[in-house]
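Here the structure is laid out as structure tokens; the discussion comes afterwards.
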Amino acid sequence: MPGWVEIIVRSIVAIILLYIVSKMIVKKPIGESSFFEFALLTSIVIIAAISATMLTIPSALAFTALFVWSAVTALIYYLSVKSAKFRVFLFGRGTPVIQGGKILEDALNKQHLTGDELMRKLRKKDVFQFADVEFALLETNGELNVLLKEDKKQAVARSSAKKNKQPETVVADGRILDQNLGNRGLNRDWLQTQLAKQDVSLESVFLAQIDANGDLYVDLFDDSLQQQDPVTIPLLKATLQKVQADLQLYSLDTDNPTAKAMFKKCAEEMNEAYLEIERDLR
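For the sequence shown, this note's numbering gives the first residue as 90, with consecutive numbering after it.
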């Protein structure tokens, strides 16, 4: 038999066998398969290609190898459906990487995942700030499933109707990202000051982000440590209320009509500024 004819025959047989195998074992998109499943299917395809083109290998041996790989793969799929223990042993199970609002660095290291890669996966879920996440599970196929904190769910739902500054990651894997700090017009001194306010040292920070309001959120290498929550917005609101109250008091204490009108106008402006902040945070 001429070589080109044999290649045609082998290719047709290989395609038919691959079609049969795909009907037997492939019940979901490749993107939803685990890495081990993907490796099995890729191996079968490679063996089929070699069987069709390597004429130096007897066709009986080539297609025997293809049959064995296909049969074993089908058996693995069957056992994984019938036995949960076998499925977990072979394919593994999802790994929590954020729990209770804290990033689990040990879990990231075991999955060979960096802080930047975690943020990229979060952005694919339309989550741009790790502080909004209550729980995140890395599936065996590499997909990240995310549960938002209760107070953040409605905020995310409204995000399409409201234009906010994108959160900036300023520390990733313990490294300061100066360019991202510069995007906000900030520097390392500002970062050190904010960390000091939260009683946190830079060496203990795994990931840090500045949100749309300018607050700094940090995740520590040691999740047992507790850091203070950012207080920029609450402090600003409290300051505005205090200034407004002082201005109203000054307007009552003075007998000068001009000064009284000025204090009253300034108090009204402070109140408008406070209400504007309230509207922006809704």
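We put the CB at the ideal spot given by N, CA and C, even for glycine.
Please read all numbers here as calculations on a predicted model, not as lab measurements.
With residue 234 as the anchor, note down where its beta strand (DSSP E) starts and where it stops.
-> Walking along the sequence shown from the start, residue 234 turns up at place 145. 233 to 237 is the extent of the beta strand (DSSP E) around residue 234.
Might you give, ordered along the chain, the residues of its own chain that have their beta carbon closer than 6 angstroms to the beta carbon of residue 333, omitting 5 neighbours on each side?
-> Stepping through the sequence shown from its first residue, residue 333 is reached at position 244. 356, 359, 360, listed in sequence order.
Let me know the secondary structure DSSP gives residue 326 once reduced to three states.
-> The residue you call residue 326 lines up with position 237 of the sequence shown. Three-state DSSP puts residue 326 in a helix.
Sub-8 angstroms separation of residue 163 and residue 114 beta-carbons = For this step, residue 163 is matched to residue 74 along the sequence shown. For this step, residue 114 is matched to residue 25 along the sequence shown. Going by C-beta atoms, residue 163 is nearer than 8 angstroms to residue 114.
DSSP puts residue 297 in a beta bridge; with which residues?
-> In the sequence shown, the residue the question calls residue 297 occupies position 208. DSSP, once it has assigned bridges, lists 260, 307 as partnering residue 297.
What's the C-alpha gap between residue 192 and residue 287?
-> Within the sequence shown, residue 192 is the residue found at index 103, counting from 1. Within the sequence shown, residue 287 is the residue found at index 198, counting from 1. Using only the alpha carbons, I get a separation of about 18 angstroms.
What's the C-alpha gap between residue 169 and residue 363?
-> Start at 1 with the first residue of the sequence shown, and residue 169 comes out as number 80. Start at 1 with the first residue of the sequence shown, and residue 363 comes out as number 274. When rounded, the distance between both Cα atoms is 59 angstroms.
Does the stretch 266 to 279 touch the stretch 213 to 230, meaning 3 or more C-beta pairs lie closer than 8 angstroms?
-> no
Is there contact here, the stretch 150 to 158 with the stretch 119 to 139, by at least three beta-carbon pairs under 8 angstroms?
-> yes
Looking at the unbroken alpha helix (DSSP H) that takes in residue 146, where does it start and where does it end?
-> The count along the sequence shown starts at 1 and reaches residue 146 at position 57. No alpha helix (DSSP H) holds residue 146; DSSP gives it neither H nor E.
Can you tell me which of the three DSSP states residue 222 falls into?
-> Your numbering for residue 222 matches position 133 in the sequence shown. Strand, per DSSP.
Are the stretch 304 to 311 and the stretch 215 to 224 in contact at 8 angstroms, needing three or more beta carbon pairs?
-> yes
So, is residue 273 buried or exposed, given that buried needs 16 or more other C-beta atoms within 10 angstroms?
-> Translated into positions along the sequence shown, residue 273 becomes position 184. The residue is exposed, with fewer than 16 neighbouring Cβ atoms inside 10 Å.
Limits of the beta strand (DSSP E) - the one that residue 188 falls within = Along the sequence shown, read from residue 1 onward, the residue named residue 188 stands at position 99. Residues 184 to 188.
Just checking my contact of residue 179 with residue 124 at CB under 8 angstroms: how many whole Å lie between their CB atoms?
-> Walking along the sequence shown from the start, residue 179 turns up at place 90. Walking along the sequence shown from the start, residue 124 turns up at place 35. With 8 angstroms as the limit, residue 179 and residue 124 do not qualify as a contact, their Cβ atoms being about 11 angstroms apart.
Distance between residue 330 and residue 349 (C-alpha atoms, nearest Å) | As a working note, residue 349 is residue 260 in the sequence shown. As a working note, residue 330 is residue 241 in the sequence shown. For residue 349 and residue 330, the distance between alpha carbons rounds to 19 angstroms.
Just curious, the alpha helix (DSSP H) that residue 283 is in, first and last residue?
-> Position 194 of the sequence shown, counted from the start, is the residue given in the question as residue 283. Taken as a continuous stretch (DSSP letters only), the alpha helix (DSSP H) holding residue 283 covers 277 to 286.
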